[in-house]
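Novice: Just dropping this structure here.
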Amino acid sequence: MNVIGRAARRYGEGPDARPGDWAYGGGLCAGSNDDGPSGRAYGDRGQAAIEFTGMVPIILATVVLLWEAALVGYTFSLAGNAADEAVRAATVAVPGTRVAACTEAAEEDLPGAWNLADVSCQAENDGLVKVDLTVELPLFFPGVNIPIEVPAHASAVKES
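Position 43 of the sequence shown, counted from 1, bears residue number 50 in the working numbering, the numbering being contiguous throughout.
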């Protein structure tokens, strides 16, 4: 190829220009010894890998936040269920053992990884039993807790 043809091809002009030339943005063909204006022989090859590597921390942070949100929701569900079970146990218990039955039922109903922070069982004179409890919120994995507590409240009328 003559010098004029080579210059024309370099800028994407001339009859022998092809899609791998610089004017088309594709870099050079393999085996060519002409480095061109930028010296890059492979164009944007590997760009997707670099972008994926940059996105990995964002993807992981999103997954962690979604997991923690799921744990928050599940903890609210567990706390409400534990309060319901505790008040149910207190309403059917013998009058002198209502508080003990209430506390035992609240602790028994929670899975082992969730910790019960506080339980308050009250039997009032008008026949109403009230339970207020809090469950510690786990961080990432059940059993690793943060100092945030999820409250729950339940009440029912005594049956005995």
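Ideal placement from N, C-alpha and C gives every residue a C-beta, glycine not left out.
Determine the burial state of Arg52: buried for a count of at least 16 other Cβ atoms within 10 Å of its Cβ, exposed for fewer.
Specialist: The residue given as residue 52 occupies position 45 in the sequence shown. Looking at its Cβ environment, which holds fewer than 16 other Cβ atoms inside 10 Å, Arg52 is exposed.
Novice: Between which residues of its own chain and Val157 is the CB-CB distance below 7 Å, once the five residues before and five after are set aside?
Specialist: The residue you call residue 157 lines up with position 150 of the sequence shown. Contacts found: Thr82, Phe83, Ala86, Thr141, Val142 and Leu144.
Novice: Is Pro64 helix, strand or coil when you go by DSSP?
Specialist: If you number the sequence shown from 1, residue 64 lands on position 57. Note: Pro64 maps to helix in three-state DSSP.
Novice: Put Glu111 into one of helix, strand or coil per three-state DSSP.
Specialist: Along the sequence shown, one-based indexing puts residue 111 at 104. Looking at Glu111 - three-state DSSP - the assignment turns out to be helix.
Novice: Starting from the Cα of Glu115, find the closest Cα among Asp139, Ala89 and Ala130 and give me that residue.
Specialist: Mapped onto the sequence shown, residue 115 falls at position 108. The shortest C-alpha separation from Glu115 is found at Ala89.
Novice: By how many angstroms is the C-alpha of Leu117 removed from the C-alpha of Leu123?
Specialist: One-based indexing of the sequence shown puts residue 123 at position 116. One-based indexing of the sequence shown puts residue 117 at position 110. If you take the alpha carbons of Leu123 and Leu117, they lie about 8 Å apart.
Novice: If you check the beta carbons only, do Val99 and Cys109 fall under 8 Å apart?
Specialist: Locating residue 99 in the sequence shown gives position 92, counting from the first residue. Locating residue 109 in the sequence shown gives position 102, counting from the first residue. The answer is no: Cβ separation not under 8 Å.
Novice: So Pro118 is in the beta strand (DSSP E); what residue range does that whole segment cover?
Specialist: Within the sequence shown, numbered from 1, the residue matching residue 118 stands at position 111. Note, Pro118: premise wrong, no beta strand (DSSP E); not H, not E.
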